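Participant: In this text, residue positions in the sequence shown follow our numbering: the first is 25, and each later residue adds one.
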Amino acid sequence: MDQKDILKTIDMIARQNLDIRTVTMGISLFDCVSDDADVCAGRVYDKITRRAAHLVETGEAIENEFGIPIVNKRISVTPISLISQGCGDYVKFARAMDRAAHETGVDFIGGYSAFVQKAATEAEARFIDSIPQALSETKIVCSSVNVATTRAGINMDAVRRMGEVIKESAERTAAEGGMGAAKLVVFANAVEDNPFMAGAFHGTGEGDCVVNVGVSGPGVVKVALESKKGQPFDEVAETIKTTAFHITRMGQLVAREASRRLGVPFGIVDLSLAPTPAIGDSVAYILEEMGLEMCGAHGTTAALALLNDAVKKGGIMATSHVGGLSGAFIPVSEDAGMIHAAETGALTLEKLEAMTCVCSVGLDMIALPGDTPAEVLSAIMADEAAIGMVNTKTTAVRLIPVPGRQVGDYVDFGGLLGRAPIMPYNQNSPKEFIARGGRIPAPLHAQRN
Numbered sequence: 025m026d027q028k029d030i031l032k033t034i035d036m037i038a039r040q041n042l043d044i045r046t047v048t049m050g051i052s053l054f055d056c057v058s059d060d061a062d063v064c065a066g067r068v069y070d071k072i073t074r075r076a077a078h079l080v081e082t083g084e085a086i087e088n089e090f091g092i093p094i095v096n097k098r099i100s101v102t103p104i105s106l107i108s109q110g111c112g113d114y115v116k117f118a119r120a121m122d123r124a125a126h127e128t129g130v131d132f133i134g135g136y137s138a139f140v141q142k143a144a145t146e147a148e149a150r151f152i153d154s155i156p157q158a159l160s161e162t163k164i165v166c167s168s169v170n171v172a173t174t175r176a177g178i179n180m181d182a183v184r185r186m187g188e189v190i191k192e193s194a195e196r197t198a199a200e201g202g203m204g205a206a207k208l209v210v211f212a213n214a215v216e217d218n219p220f221m222a223g224a225f226h227g228t229g230e231g232d233c234v235v236n237v238g239v240s241g242p243g244v245v246k247v248a249l250e251s252k253k254g255q256p257f258d259e260v261a262e263t264i265k266t267t268a269f270h271i272t273r274m275g276q277l278v279a280r281e282a283s284r285r286l287g288v289p290f291g292i293v294d295l296s297l298a299p300t301p302a303i304g305d306s307v308a309y310i311l312e313e314m315g316l317e318m319c320g321a322h323g324t325t326a327a328l329a330l331l332n333d334a335v336k337k338g339g340i341m342a343t344s345h346v347g348g349l350s351g352a353f354i355p356v357s358e359d360a361g362m363i364h365a366a367e368t369g370a371l372t373l374e375k376l377e378a379m380t381c382v383c384s385v386g387l388d389m390i391a392l393p394g395d396t397p398a399e400v401l402s403a404i405m406a407d408e409a410a411i412g413m414v415n416t417k418t419t420a421v422r423l424i425p426v427p428g429r430q431v432g433d434y435v436d437f438g439g440l441l442g443r444a445p446i447m448p449y450n451q452n453s454p455k456e457f458i459a460r461g462g463r464i465p466a467p468l469h470a471q472r473n
């Protein structure tokens with residue numbers, strides 16, 4: 025890296041909100057299995073605290089030495105539903121995770137997770153039932169449930185139940201604006217090496233311990249496009265690719281340094297453009313810089329498709345270990361531009377759904393009225409799962425039916441989770457549709473063997 029590149033990177037960090045969004049340590053818990061809940065939970069606590077003992081101090085040392093902000097240090101673990109089935113008492117594991125996370129000083133821990141894309145065992149059904157209690161009794165534990173894949177189709181029984189689980193998780197944390205639901209993600213085609221919360225878990229195909237890094241920098245991309253006003257989209261795409269390359273190279277530098285210092289393998293760099301509530305650090309502003317009056321206008325989906333593709337192409341040139349979700353996130357409460365567009369009515373739930381066809385994840389951090397029926401939550405979930413299943417991509421929902429709030433109100437979660445307007449939903453009922461249950465079959469193109 026020459027002097028010009030160094031000065032450019034310094035400017036990106038100082039004035040354009042460039043950061044490493046997370047250094048996430050993935051930890052396998054398979055060697056913690058026991059048929060005794062107390063023994064197993066104790067082993068979980070011991071392994072997490074042993075493996076991640078130096079994670080935070082290492083991240084802080086890299087920040088200070090390289091001058092690169094690392095916003096969060098996080099842990100992901102083997103899905104708890106897989107290691108706890110022999111002993112039950114699932115909430116005990118959530119408490120152990122929470123204690124271990126606080127002991128190590130990390131910001132979040134993910135992996136209170138289950139995979140029921142085809143069907144749920146009795147143990148998995150009980151595990152899912154435990155999620156609202158687990159999220160209400162812990163502070164920084166995050167949960168995820170995978171309800172669909174391209175190969176298996178959509179488990180509509182699980183979709184129906186997850187609408188109720190989201191509702192209960194919000195109600196149990198009403199005093200915190202329904203925060204329990206903000207820590208819960210429902211996936212289609214979940215990936216095993218995602219470093220971002222709330223959907224991070226350490227997949228079964230991963231090793232004993234690994235370091236994954238998630239980079240961010242929507243502000244950098246926005247500034248880069250300011251000099252391209254009126255230029256054709258070919259030039260826009262090339263500019264984004266070049267910028268994503270620089271962002272990802274920084275992420276790989278941090279990932280390899282963290283790996284070396286912690287003595288664990290480097291896994292992947294997730295090169296997602298993850299926004300924050302800070303002004304200027306917005307994916308919506310990038311889309312508007314392309315020529316849209318406001319995010320949500322006709323043309324938004326096309327602009328987002330270009331952005332997502334160009335980010336991936338630039339990042340892949342920068343590192344051989346791209347993984348996670350990688351692309352552009354559109355969480356409403358975490359993006360100043362998205363918040364403004366939703367406030368004015370330019371960005372609706374239906375438009376957001378269309379945008380999820382081409383972004384990295386799905387309907388993220390959407391605040392809804394507290395009296396939203398569970399079947400509506402399930403139906404929104406089913407729509408997203410269908411997009412993921414048919415398009416062979418990861419989709420997800422993080423819906424928060426905020427207790428006591430109605431359309432026109434706001435909820436403020438603080439920090440990276442931000443502030444969200446309560447959005448309206450289609451008032452026509454999907455109750456009978458959701459009540460059918462069963463499984464929506466996989467699409468024909470899933471049969472590739």
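Glycine included, every Cβ here is placed at the ideal spot set by N, Cα and C.
Source: prediction; values computed, not measured.
Among 212, 275 and 224, which one has its Cα closest to the Cα of residue 409?
Facilitator: Your numbering for residue 409 matches position 385 in the sequence shown. Checked all of 212, 275 and 224; the closest Cα to residue 409 is 212.
Participant: Could you say which of 136, 119, 74 and 120 lies nearest to residue 103 if we only look at CA atoms?
Facilitator: Here residue 103 is taken as the residue at index 79 of the sequence shown, counted from 1. The shortest Cα separation from residue 103 among 136, 119, 74 and 120 belongs to 136.
Participant: Alpha carbons only, please: which of 416, 424 and 448 is nearest the one belonging to residue 469?
Facilitator: Residue 469 sits at position 445 when you count from the first residue of the sequence shown. Nearest option by C-alpha distance: 416.
Participant: Mind checking whether residue 318 and residue 368 have CB atoms under 8 Å apart?
Facilitator: One-based indexing of the sequence shown puts residue 318 at position 294. One-based indexing of the sequence shown puts residue 368 at position 344. Against a cut-off of 8 Å, the Cβ pair of residue 368 and residue 318 comes out as a contact.
Participant: Please list the terminal residues of the continuous beta strand (DSSP E) segment that includes residue 423.
Facilitator: Counting from one through the sequence shown, the residue named residue 423 turns up at place 399. Residues 419 to 426.
Participant: My assumption, with CB atoms under 8 Å, is that residue 152 sits in contact with residue 101. Please give the rounded CB distance.
Facilitator: By one-based count along the sequence shown, residue 152 stands at place 128. By one-based count along the sequence shown, residue 101 stands at place 77. Residue 152 to residue 101, Cβ: 18 Å. No contact.
Participant: Apart from the five residues just before and just after residue 178, which ones in its own chain have a Cβ nearer than 8 Å to its Cβ?
Facilitator: The count along the sequence shown starts at 1 and reaches residue 178 at position 154. Contacts found: 141, 171, 172, 212, 406, 409, 410, 413, 463 and 464.
Participant: Which of the three DSSP states is assigned to residue 252 in this structure?
Facilitator: Counting from one through the sequence shown, the residue named residue 252 turns up at place 228. Looking at residue 252 - three-state DSSP - the assignment turns out to be coil, as it is neither helix nor strand.
Participant: Give me the residue from 234, 144, 59 and 149 with the minimum Cα distance to residue 76.
Facilitator: In the sequence shown, counting from the first residue as 1, residue 76 sits at position 52. Closest by alpha carbon: 234.
Participant: Shortest alpha-carbon distance to residue 184 belongs to which of 401, 439 and 218?
Facilitator: The sequence position of residue 184 within the sequence shown is 160, counting from 1. Out of 401, 439 and 218, 401 has the C-alpha closest to the C-alpha of residue 184.
Participant: Are at least three pairs of beta-carbons, each pair with one atom in the stretch 74 to 90 and one in the stretch 277 to 286, less than 8 Å apart?
Facilitator: yes
Participant: What is the DSSP secondary structure of residue 44, reduced to helix, strand or coil?
Facilitator: Counting from one through the sequence shown, the residue named residue 44 turns up at place 20. Strand at residue 44.
Participant: Which residues in the same chain as residue 188 place their Cβ atom closer than 7 Å to its Cβ, once the five residues preceding and following it in sequence are excluded?
Facilitator: Within the sequence shown, residue 188 is the residue found at index 164, counting from 1. Contacts found: 398.
Participant: With H, G and I counted as helix, E and B as strand and the rest as coil, what does DSSP make of residue 178?
Facilitator: The sequence position of residue 178 within the sequence shown is 154, counting from 1. Note: residue 178 maps to strand in three-state DSSP.
Participant: Taking the DSSP output, what are the residues bridged to residue 233?
Facilitator: Along the sequence shown, one-based indexing puts residue 233 at 209. Per DSSP, 51.
Participant: Who are residue 92's beta bridge partners in DSSP?
Facilitator: Counting from one through the sequence shown, the residue named residue 92 turns up at place 68. According to DSSP, which records beta bridges pairwise, residue 92 is partnered with nothing at all.
Participant: Assign residue 418 to buried or exposed, taking buried as 16 or more other Cβ atoms, counted over all protein chains shown, within 10 Å of its Cβ.
Facilitator: Start at 1 with the first residue of the sequence shown, and residue 418 comes out as number 394. It counts as buried.
Participant: What residue does the alpha helix (DSSP H) around residue 69 start on, and which one ends it?
Facilitator: Sequence index remark: in the sequence shown, residue 69 carries index 45 (1-based). Taken as a continuous stretch (DSSP letters only), the alpha helix (DSSP H) holding residue 69 covers 61 to 75.
Participant: Which same chain residues end up closer than 7 Å to residue 28 when comparing Cβ atoms and leaving out the 5 residues on each side of it in sequence?
Facilitator: Here residue 28 refers to the residue found at position 4 of the sequence shown. Caution applies to residue 28, whose pLDDT of 48 falls short of 50 and renders its modelled position unreliable; the model cannot decide the point.
Participant: Only counting the same chain, and skipping five residues up and downstream in sequence, which positions put a Cβ closer than 8 Å to that of residue 286?
Facilitator: Residue numbering aside, residue 286 sits at position 262 when the sequence shown is read from its first letter. So the qualifying residues of the chain are 49, 78, 79, 82 and 235.
Participant: Which value, in whole angstroms, describes the spacing of the CA atoms of residue 321 and residue 426?
Facilitator: Counting from 1 along the sequence shown, the entry for residue 321 is found at position 297. Counting from 1 along the sequence shown, the entry for residue 426 is found at position 402. Cα to Cα, the separation comes out at about 27 Å.
Participant: Can you find the residues in the same chain that come closer than 6 Å, C-beta to C-beta, to residue 110, ignoring five residues on each side of it along the sequence?
Facilitator: For the purposes of this step, residue 110 is identified with residue 86 of the sequence shown, where counting begins at 1. Contacts found: 59.
Participant: Can you tell me whether residue 472 is buried or exposed? The criterion is at least 16 other CB atoms within 10 Å of its CB, across all chains shown.
Facilitator: For the purposes of this step, residue 472 is taken as the residue at position 448 of the sequence shown. Classification for residue 472: exposed.
Participant: Taking 8 Å as the threshold (C-beta atoms), are residue 382 and residue 329 in contact?
Facilitator: On the sequence shown, position 305 is the one that residue 329 refers to. On the sequence shown, position 358 is the one that residue 382 refers to. Yes; because the gap between Cβ atoms is below 8 Å, this pair is in contact.
Participant: Tell me the residue span of the beta strand (DSSP E) that contains residue 221.
Facilitator: Residue mapping note: residue 221 aligns to position 197 of the sequence shown, counting from 1. Residue 221 -> no beta strand (DSSP E), and no H or E assigned at all.
Participant: Can you tell me where the alpha helix (DSSP H) holding residue 335 begins and where it ends?
Facilitator: In the sequence shown, counting from the first residue as 1, residue 335 sits at position 311. Element bounds for residue 335: 324 to 342.
Participant: Determine the direct distance from the alpha carbon of residue 366 to that of residue 433, and round the result to whole angstroms.
Facilitator: Locating residue 433 in the sequence shown gives position 409, where the first residue counts as 1. Locating residue 366 in the sequence shown gives position 342, where the first residue counts as 1. Approximately 12 Å, taken between the alpha carbons.
Participant: Which runs of the beta strand (DSSP E) spanning at least 3 residues fall entirely within the stretch 285 to 318, listed in chain order?
Facilitator: 290 to 294
Participant: With a threshold of 8 Å on Cβ separation, who are the neighbours of residue 26 within its own chain once the five nearest residues in sequence on each side are excluded?
Facilitator: Residue mapping note: residue 26 aligns to position 2 of the sequence shown, counting from 1. Here the model assigns residue 26 a pLDDT of 43, short of 50, so the residue's position is not dependable and the matter cannot be decided.
Participant: Between residue 389 and residue 444, how many whole angstroms is the CB-CB distance? I'm expecting something under 8 Å.
Facilitator: In the sequence shown, counting from the first residue as 1, residue 389 sits at position 365. In the sequence shown, counting from the first residue as 1, residue 444 sits at position 420. Yes, they are in contact, since the Cβ atoms of residue 389 and residue 444 sit about 6 Å apart, within 8 Å.
Participant: Between which two residues does the alpha helix (DSSP H) holding residue 405 run?
Facilitator: As a first step, residue 405 must be located in the sequence shown, where it is residue number 381. Run containing residue 405: 398 to 415, per the alpha helix (DSSP H) assignment.
Participant: Nearest CA to the CA of residue 72: which residue from 219, 92 and 232?
Facilitator: The sequence position of residue 72 within the sequence shown is 48, counting from 1. Closest by alpha carbon: 232.
Participant: For the beta strand (DSSP E) holding residue 437, just list the boundary residues, first then last.
Facilitator: Counting from one through the sequence shown, the residue named residue 437 turns up at place 413. 434 to 438 is the extent of the beta strand (DSSP E) around residue 437.
Participant: What whole-angstrom Cβ distance do residue 373 and residue 215 have, given they're in contact under 8 Å?
Facilitator: Here residue 373 is taken as the residue at index 349 of the sequence shown, counted from 1. Here residue 215 is taken as the residue at index 191 of the sequence shown, counted from 1. Contact doesn't hold; Cβ gap of about 25 Å is too wide.
Participant: Identify whether residue 454 lies in helix, strand or coil by the three-state DSSP scheme.
Facilitator: On the sequence shown, position 430 is the one that residue 454 refers to. Coil, per DSSP.
Participant: Can you give the Cα-Cα distance for residue 447 and residue 327, rounded to whole angstroms?
Facilitator: The residue you call residue 447 lines up with position 423 of the sequence shown. The residue you call residue 327 lines up with position 303 of the sequence shown. If I take the Cα positions, the gap works out to 23 Å.
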